[in-house]
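The structure under discussion appears below in the form of structure tokens.
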Amino acid sequence: MTNEAAAQACANNNALAGSAVTPTCPGSTTVPCVQGGQYALVNVVSGNIYTFSTCTATFDTQITLYNNGGGGSLGYNDDFCGLQSQVTWTATYTGQLRVLVDQYNCVPVAAGATNGICAPLVIQCSSPPPPLTNDNPCTAINLTVNTNCVPGTYTNVGATATGGVPAPSCSFYTGGDIWFTFTAPATGIATIETFSGTMTDASMALYTAPSCSGTFTEVACDDDSGPGLMPYLTFTNLTPGQVYYVRVWGYFGATGTFSICVHGITTMPAGDCVYLLDMSDSFGDGWDGSTVGISVNGGAFTYYTVTGSSNIALIGLNIGDILVVQYTANSPYEGEISYVLQFLSSGTAVFNSGSPPTSGIVFTQTVDCQPPPAPPEDCIGSITVCDGQSFNNTTNNTGNNVDLTSSNYGCLASGERQGTWYTFSPSNGGNVAFTISPTAPNTDYDFAIWGPFPPGSTPASICPPPSAPIRCSYSALYDDTGLNYTATDNTEGAGGDKWVNDLTVTAGQVYLLYISNWSQTGLAFDLNWDLQNGASLDCTVLPVELLTLQADVVDDHVHLRWATATEVNSDRFEIERSTNGNEFDMIGQVPAAGSSLTTVEYDFHDLRPGGGTNYYRLKQVDRDGHYERSAVVSVDYFGDPAVGRPYPNPAQDHVLLPVDLIRDGEVTYVVHDALGRIVRQGRSDKAAGRSVLFIDLGGLTEGGYSVVVGSNTGGAPITYPVFKR
84 MTNEAAAQAC ANNNALAGSA VTPTCPGSTT VPCVQGGQYA LVNVVSGNIY TFSTCTATFD
144 TQITLYNNGG GGSLGYNDDF CGLQSQVTWT ATYTGQLRVL VDQYNCVPVA AGATNGICAP
204 LVIQCSSPPP PLTNDNPCTA INLTVNTNCV PGTYTNVGAT ATGGVPAPSC SFYTGGDIWF
264 TFTAPATGIA TIETFSGTMT DASMALYTAP SCSGTFTEVA CDDDSGPGLM PYLTFTNLTP
324 GQVYYVRVWG YFGATGTFSI CVHGITTMPA GDCVYLLDMS DSFGDGWDGS TVGISVNGGA
384 FTYYTVTGSS NIALIGLNIG DILVVQYTAN SPYEGEISYV LQFLSSGTAV FNSGSPPTSG
444 IVFTQTVDCQ PPPAPPEDCI GSITVCDGQS FNNTTNNTGN NVDLTSSNYG CLASGERQGT
504 WYTFSPSNGG NVAFTISPTA PNTDYDFAIW GPFPPGSTPA SICPPPSAPI RCSYSALYDD
564 TGLNYTATDN TEGAGGDKWV NDLTVTAGQV YLLYISNWSQ TGLAFDLNWD LQNGASLDCT
624 VLPVELLTLQ ADVVDDHVHL RWATATEVNS DRFEIERSTN GNEFDMIGQV PAAGSSLTTV
684 EYDFHDLRPG GGTNYYRLKQ VDRDGHYERS AVVSVDYFGD PAVGRPYPNP AQDHVLLPVD
744 LIRDGEVTYV VHDALGRIVR QGRSDKAAGR SVLFIDLGGL TEGGYSVVVG SNTGGAPITY
804 PVFKR
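Under this note's numbering, think of the first position of the sequence shown as 84, with each following residue one higher.
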């Protein structure tokens, strides 16, 4: 029970808010409005455990508990969750309890006065704990994964240390652990929450095991991420249908009662692929009304927000769907807010908002259900540095993977903070130094270097870093930092001077470099190399990679897409097609990026594929005339609809629509806005066969439209959604 000195309790002088409430037990009940200066009257049952929370209130609250029949304070709290309050209390009688809600500092004191502002009062109730039966994994209590938290109360009083299972990796374990199990739902999503009872400081670990006899493999461990000093774990990548073991113990041998629940999204939405919208608030007090809106195929936006520290949603999508993401800012603390849209299956990000998020339409996509390459904010997506050239970059997020932990971050005590990963390799031995220069004053950048790794190492083989860095600066000073030839230290903490020793390198070695914006300003930096004693950097260890090449049938044509990780002096891509897999002809070309250290995506539309199997490959031509051909991909094309889908979509000033007429005729189009009004229409004479209809969208405002296309050669008009940005 949270119970401070009686002198701190607010006076029992409040007005009643509504009628008496009987909480669901076990379960959660909300009194929607208790104003500062009122109390809720709650019917309680002796032995039940109650938690009263105003953590979602908008003003600084205090909670004091009184027996409605009279007497002194039974419990009190101020500032359990930020400026709001929470009290856990085990009922010592059956009757009515006054839950007083006041604004700090116990104002107003006049009886019956209120501040006029509603605070939702959430009441969690759980039954008395059952006798201890789950002292080891083979007697673990099974927990049901519900869509909402339904806490049950348990005790570890009398529990002993579990033999045969290694000690957990976090907290202070001396034994006294008890065990639970649950089966991961079809979504692989589960959140495990705990709440204090008479035990107020607990820890928790999650394990997998082939049976209750072991062998046990720890998945994760937590000490204090939940309310107060209680643990909290959340997962989006569990194996559906697998049984997981939960181990709970008291910090430094603490014993008593506590509550636990497992909840998550249990049903998969329909679709060719599923996106996970993962929303966070770093302070844990919600988004204050800021929202993320999701629209599919021009439909109405569905809005999501956070009321505590996090929230998730699943979005089922089909190939060809038009996805639009919109963010509306409403919080005075936008720097605490971030969200990521990612594939549920792989965790690969589709869009990362960074912090603070940008307002308005922030992302549009024609869904293809193909995960994009890893971003450079993750180690696995690190950028290859070539030829000792200077470069600059900026980022406003930490990627999708936790690459840095206490086992490998060295001096970077804050872990990842708006950082970017790089790989470099010397083609000749010598000495390497560099200077990182923020583009704005009073900006603090830190960095770390890991290695050397064996020649031929790639991000897939060395990420995340296996140990502490060999060079590291966490200096709290602003402006330039890096390696130089006068420093005498290899690593430095916050009190350092921003400079550490140069590197002595050997040809072929591979190094990882992480550059972190500690200030989290989202501002760019420039990096300039200082290579001496013959040192040079090479790109051959981590070669230019064609990350993806795929061909898909999209209505009446084939859509080719590919991406490169890096490019050096590339000129163009020539697209070659074959109908027999042996003889290829060039059907088009796309200009290349030239030189790039970041992922570049390309596409090409083959509007006249052959019937049957079509084979495609790329001829990558450099500026000096050298070229390489890609591997061959194939796709089966078995027919042409009368009218294809518009592209590009989302569009800017126009959209193109492939058409295929059985004879010479006229094609008409009508563009409607979201209210159904005609905003554009036209007609065009087309010859028999394939052609492209040009539809002008210039002058139209950003948003969703429908395009109705028909012809006088037969067939019913067809409607297509188009989004203009």
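Where is the CB? At the ideal position from N, CA and C, for every residue including glycine.
Minimum C-alpha distance to residue i - residue among the options
i: residue 113; options: 307, 719 and 137; result: 137
i: residue 326; options: 291, 334 and 310; result: 291
i: residue 598; options: 462, 618, 512 and 661; result: 462
i: residue 716; options: 705, 734, 733 and 696; result: 696
i: residue 684; options: 127, 644, 184 and 233; result: 644
i: residue 564; options: 551, 552 and 580; result: 580
i: residue 247; options: 271, 149 and 300; result: 300
i: residue 736; options: 771, 766, 594 and 777; result: 777
i: residue 506; options: 491, 460, 528 and 488; result: 460
i: residue 807; options: 251, 393, 733 and 668; result: 733
i: residue 411; options: 386, 109 and 498; result: 386
i: residue 464; options: 189, 452, 485 and 187; result: 485
i: residue 769; options: 516, 750 and 662; result: 750
Rounded distance between the beta-carbons of residue j and residue i, thought under 8 Å
i: residue 93; j: residue 145; result: 6 Å
i: residue 804; j: residue 789; result: 6 Å
i: residue 397; j: residue 454; result: Wrong, their Cβ atoms sit about 16 Å apart, outside the cutoff.
i: residue 657; j: residue 676; result: Rounded, the Cβ-Cβ distance is 15 Å, inconsistent with contact.
i: residue 242; j: residue 215; result: 6 Å
i: residue 660; j: residue 699; result: 6 Å
i: residue 590; j: residue 674; result: About 34 Å separates the two Cβ atoms, so there is no contact after all.
i: residue 103; j: residue 131; result: At roughly 16 Å, the Cβ-Cβ gap does not stay under 8 Å, so residue 103 and residue 131 are not in contact.
i: residue 400; j: residue 358; result: 6 Å
i: residue 179; j: residue 151; result: 4 Å
i: residue 371; j: residue 428; result: The Cβ separation is near 32 Å, so there is no contact.
Sub-8 Å separation of residue i and residue j beta-carbons
i: residue 157; j: residue 122; result: no
i: residue 603; j: residue 535; result: no
i: residue 558; j: residue 629; result: no
i: residue 274; j: residue 347; result: yes
i: residue 268; j: residue 177; result: no
i: residue 450; j: residue 406; result: yes
i: residue 314; j: residue 305; result: yes
i: residue 285; j: residue 277; result: yes
i: residue 646; j: residue 631; result: yes
i: residue 520; j: residue 609; result: yes
i: residue 575; j: residue 583; result: yes
i: residue 772; j: residue 743; result: yes
i: residue 222; j: residue 280; result: no
i: residue 436; j: residue 393; result: no
i: residue 529; j: residue 556; result: yes
i: residue 272; j: residue 230; result: no
i: residue 295; j: residue 220; result: yes
i: residue 255; j: residue 186; result: no
i: residue 338; j: residue 217; result: no
i: residue 655; j: residue 633; result: no
i: residue 250; j: residue 202; result: no
Assigned exposure category for residue i - 16 Cβ within 10 Å defines buried
i: residue 206; result: buried
i: residue 752; result: buried
i: residue 724; result: Bear in mind that a pLDDT of 38 at residue 724, under 50, signals an unreliable position, so the number given afterwards is only what the model happens to contain. By the 10 Å Cβ count, residue 724 comes out exposed.
i: residue 554; result: buried
i: residue 184; result: buried
i: residue 623; result: Summary for residue 623: the model assigns pLDDT 43, below 50, so the residue's position carries little reliability; its value from the coordinates is reported in the next sentence. Exposed, since its Cβ has fewer than 16 Cβ neighbours within 10 Å.
i: residue 234; result: buried
i: residue 544; result: exposed
i: residue 225; result: exposed
i: residue 802; result: exposed
i: residue 665; result: exposed
i: residue 625; result: Because the pLDDT at residue 625 is just 37, under 50, the model does not fix this residue reliably, and the value given afterwards should be weighed accordingly. So residue 625 ends up on the buried side.
i: residue 568; result: exposed
i: residue 741; result: buried
i: residue 115; result: exposed
i: residue 758; result: exposed
Residue i at chain C interface by Cβ criterion, 8 Å
i: residue 267; result: Structure shown: chain C not included; a single protein chain is present.
- [ ] Could you say if the stretch 339 to 355 and the stretch 370 to 389 meet the contact criterion of at least three C-beta pairs nearer than 8 Å?
- [x] no
- [ ] Tell me, please, whether the stretch 129 to 136 touches the stretch 151 to 171 by the rule of three or more beta-carbon pairs shorter than 8 Å.
- [x] yes
Task: the stretch 516 to 530 contacting the stretch 634 to 644, beta-carbon criterion three pairs below 8 Å - done: no
- [ ] Spell out a yes or no on whether the stretch 413 to 421 and the stretch 436 to 444 are touching, meaning 3 or more CB-CB pairs, one atom from each, closer than 8 Å.
- [x] Judged by Cβ distances under 8 Å, the stretch 413 to 421 makes contact with the stretch 436 to 444, as three or more pairs qualify.
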